[in-house]
Structures are given as structure tokens and as C-alpha cells.
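Chemist:
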Amino acid sequence: MRFLRSRLPAAALCLCLGWWLWRGLFFSCCELDGPAAHYVANTASETGASNIVSAILFDYRGFDTLGEATVIYTTVCGVALMFSRSRFRRSGWGLSFIVRRGLGLVVPFLMLYAFSIVIMGHLTPGGGFQGGAVFATVTILFCIVYGSSFEASRISPKTKETLESSGALVFTLVGLFGLAQGSGFLSNIGAGFPAGSLGSLMSAGSIPLLNFAIAMKVGAGLSTLFYSMVKILEDPVEGPPPEV
Amino acid sequence: MEMMFLGYGSAIAVFCIGIYTIVTKKNLFKTVVGLSLMEGGVLLFMVTSGFVPGGGAPLLPLGPGGSVNPLPHSFTLTAIVIGASDVALALAFIIKIHRHYGTVDIDKIRGLRG
């Protein structure tokens with residue numbers, strides 16, 4: 038009864054809200070118009086990229102993407118600052134021998150997959166954000182499988198910090214190159230980057246460069262986020278690892 | 409058109425489930441999951457709104473039916489990153505609250521009775 042009294046009004050409210058939203062739907066489809074029509078028609082000639090979404094993100098609206106990268110940077114700074122003086126107890130000792138060996142076999146392929154997502158970002162679905170997230174996933178898998186102190190002993194937080202900062206630096210330098218050529222911040226073909234032929238790996242001017250910069254930034258940033266929350270550490274007298 | 413109805417309907421359903429979670433659950437972690445669900449609903453809505461009947465993926469060369477609207481796709485990519493960032497920040501706050509109060513139940517946190 039008490040359950041009903043507390044849950045029923047909320048459920049009714051949500052159902053009403055859903056019905057209201059459903060009634061208010063306005064279907065305006067069936068034709069491309071506005072900037073989208075321009076992007077679809079002119080991406081090949083203006084950027085040389087065959088992935089239109091990537092062309093919008095890194096060429097037409099590159100400044101927007103720079104701001105988005107700044108959001109990640111701010112989050113990483115905030116979380117790292119919040120946990121800068123805390124020491125957590127060691128939280129994991131890793132999984133069994135078979136899982137450890139298995140992950141060791143899989144890691145090169147995972148890295149290859151992430152790299153291919155990044156380097157083909159202007160040709161196929163994918164790009165810096167997605168590939169960087171896969172890179173970060175690899176380091177998070179290290180924490181789960183090898184225990185929570187493994188990753189910090191191999192890749193120092195300093196390295197990740199350097200990677201992230203240099204990603205932001207490369208992005209800004211590519212943008213400033215366009216400015217120095219006199220055609221505007223983050224301009225691509227107009228600034229003299231080679232367009233290449235449509236669909237080949239070396240095409241689309243500065244878009245692959247920006248993809249790499251974003252991948253470094255996102256991969257190092259997400260990894261730093263995760264490891265600031267699990268941070269451990271130097272506490273060897275924790276007791277023996279449990280039997281696995 | 410049926411596909412658009414399906415997409416919009418599921419977006420609204422996911423959004424409302426997220427609001428329900430935020431309103432009813434006392435556990436802060438579940439509240440963050442509700443926030444994440446709401447975000448998923450909004451992203452689904454945005455992607456659905458860019459659908460053009462018969463269109464393919466926005467990859468050159470385009471098929472005979474043309475392409476769907478690529479603009480919501482890139483906005484969605486932006487929004488996914490922002491969403492991941494704010495979920496991470498919320499979780500960091502919750503970890504801090506747990507270390508300070510020893511609980512993540514809203515009712516048991518001192519000074520927040522209601």
C-alpha cells in the first residue's frame with residue numbers, strides 16, 4: 038500500500054508527460070533543407086572527405102568541436118582536482134590466469150581496431166571520439182583484469198597528461214595555421230591543406246590530423262577520469278591477494 | 409513513416425522512464441542512471457528527427473535515395489561527449505558524498521531531510 042502511494046503519482050505523472058510529448062510531435066521530414074542540403078551537396082568539393090558527419094564535425098563546425106574538447110578537458114580537471122588528495126584502498130587484484138593470458142592476446146587487436154577507427158575517420162563511420170573511447174577502454178580493461186595497480190606502474194599519469202595536452206595543442210596549431218594563411222581559424226582546403234582524391238586514405242586535408250588530436254585527447258582524458266576514481270595506491274601492506 | 413513513429417515513441421518512452429527513475433529512486437547512483445537514460449532518449453529523438461525516407465547513411469558516394477540529414481548526427485556526437493562528461497562529474501560528486509556521509513541514500517544524508 039505504501040509502495041503504491043509513493044510510486045503511483047510519479048508513474049501517472051510520467052505517463053501524462055509521455056502522452057503530452059507524443060501529442061506534440063510535429064513531423065517535418067522528407068526533404069533536406071537549410072545547411073544540411075548544402076553540406077550533403079558540397080562536402081566532396083569543399084572538404085574532400087567522404088564521411089559527411091566527420092566533415093561537419095571537423096571542418097564546417099570545427100570550432101564547435103574545439104569547444105567540445107574543452108568540455109572534456111574541464112571535466113578531467115574537475116575530477117582530478119576533486120580526488121587529488123585522496124588515497125583509496127587497493128580495490129582489485131585481477132582475475133584468473135586464463136583471463137590474463139586471454140587479454141594479453143586480445144590487446145594488440147583492440148589497439149589495431151581503435152587505430153583503424155581513428156585513421157579512417159574521414160572515410161567510414163568513426164573518428165577521433167570513437168577511437169579515443171576504445172583506447173580508453175583498453176586501459177580500463179587493464180584495471181579490471183590485472184588489478185588496480187597494474188596500469189599506474191606501466192603508464193604514468195604524467196604521460197597521459199602530456200598526451201592530452203599535446204592533443205589540444207595540435208588541434209589549436211592546425212587552427213592557427215589556417216589563420217596564418219589568411220583564410221580563417223580551422224579552415225581546411227582554403228588554407229592550403231591538400232584535398233586528395235575522394236575516398237583515398239590521404240585525403241580531406243586537415244581532418245585526419247584533427248581526428249588524431251581528438252583521439253589523443255579523448256583517450257587520455259577518459260583514462261585519466263577512470264583512474265582518478267580508482268586511484269591507489271602506494272600501500273603494499275594491504276595483505277595478500279585473495280585466492281583466484 | 410512507421411519507422412519514424414517507432415523511433416519517436418521509443419525516444420519518449422526512454423525519456424519518461426528516466427524521469428520516473430529520477431523522481432522515485434532514493435539511491436544517488438540510480439538517479440545518475442536515470443539522468444543517463446533521459447540523455448539517451450533525447451539523443452534517440454535527435455537522430456530520428458534527421459531521418460529522410462529512403463535515405464542512406466551520409467557517406468559518399470550516396471546511394472540512389474540520397475542521404476539522411478547528417479546535421480543531427482554530428483550534434484548527437486557532440487551531445488554524447490557532453491553527456492559522458494557530466495555523468496563522470498556526477499559520479500565523482502557521489503563518491504565524495506559517500507566518503508563524507510557513509511551513504512548514498514538521499515534520505516539518510518544529514519541536512520537534506522524531506
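Order-wise, the sequence lines are chains V and C.
In case it helps, the numbering used here puts the first sequence at residues 38 to 281.
In case it helps, the numbering used here puts the second sequence at residues 409 to 522.
Where is the CB? At the ideal position from N, CA and C, for every residue including glycine.
Using the beta-carbon count (16 or more within 10 Å), is V/L247 buried or exposed?
Modeler: Under this definition V/L247 is a buried residue.
Chemist: Name, in chain order, the residues that DSSP records as bridge partners for C/S475.
Modeler: Beta-bridge pairing links C/S475 to C/G464.
Chemist: How would you label V/A49, buried or exposed, when you count the other beta carbons within 10 angstroms and need 16 or more for buried?
Modeler: It is exposed - the Cβ of V/A49 has fewer than 16 other Cβ atoms within 10 Å.
Chemist: Considering C/F437, what are the terminal residues of the alpha helix (DSSP H) in which it resides?
Modeler: From DSSP, the alpha helix (DSSP H) with C/F437 extends over 436-457.
Chemist: Taking 7 Å as the threshold (beta carbon to beta carbon), is C/P478 in contact with chain V?
Modeler: Interface residue, yes.
Chemist: So, does the region 450-459 of chain C touch the region 409-426 of chain C, judging by three or more C-beta pairs under 8 Å?
Modeler: Counting Cβ pairs under 8 Å, three or more are found: they touch.
Chemist: Can you pull the chain C residues whose beta carbon is under 7 Å from the beta carbon of V/A250, in chain order?
Modeler: Going along chain C, no residue has its Cβ under 7 Å from V/A250, so there is no contact; the nearest lies around 14 Å.
Chemist: With a threshold of 7 Å between beta-carbons, can V/M253 be considered close to chain C, or not?
Modeler: No, its Cβ sits nowhere closer than 7 Å to a Cβ of chain C.
Chemist: Specify, as a first and last residue, the run of the alpha helix (DSSP H) that V/E83 falls within.
Modeler: Element bounds for V/E83: 72-83.
Chemist: Among residues of its own chain, excluding the 5 on either side of C/H506, which ones have a beta-carbon nearer than 7 Å to its beta-carbon?
Modeler: Cβ within range, chain order: V512.
Chemist: Give, in chain order, every residue of the region 500-519 of chain C whose Cβ lies closer than 9 Å to some Cβ of chain V.
Modeler: Taking 9 Å as the Cβ-Cβ cut-off against chain V, the residues of the region 500-519 of chain C that qualify are A500, F501, I503, K504, R507.
Chemist: By the 10 Å Cβ neighbour count, where 16 or more other Cβ atoms means buried, how is V/A217 classified, buried or exposed?
Modeler: When all chains shown are included, V/A217 counts as exposed.
Chemist: Considering only their Cβ atoms, is the gap separating V/I192 from V/A86 smaller than 7 Å?
Modeler: Taking 7 Å as the Cβ cut-off, V/A86 and V/I192 do not qualify as a contacting pair.
Chemist: Could one say the Cβ of C/A496 lies closer than 7 Å to chain V's Cβ atoms, at least one of them?
Modeler: Taking Cβ atoms only, chain V reaches closer than 7 Å to C/A496, which makes this a yes.
Chemist: Using a Cβ cut-off of 7 Å (strictly closer), state whether V/E105 contacts chain C.
Modeler: Output row for V/E105: interface = yes.
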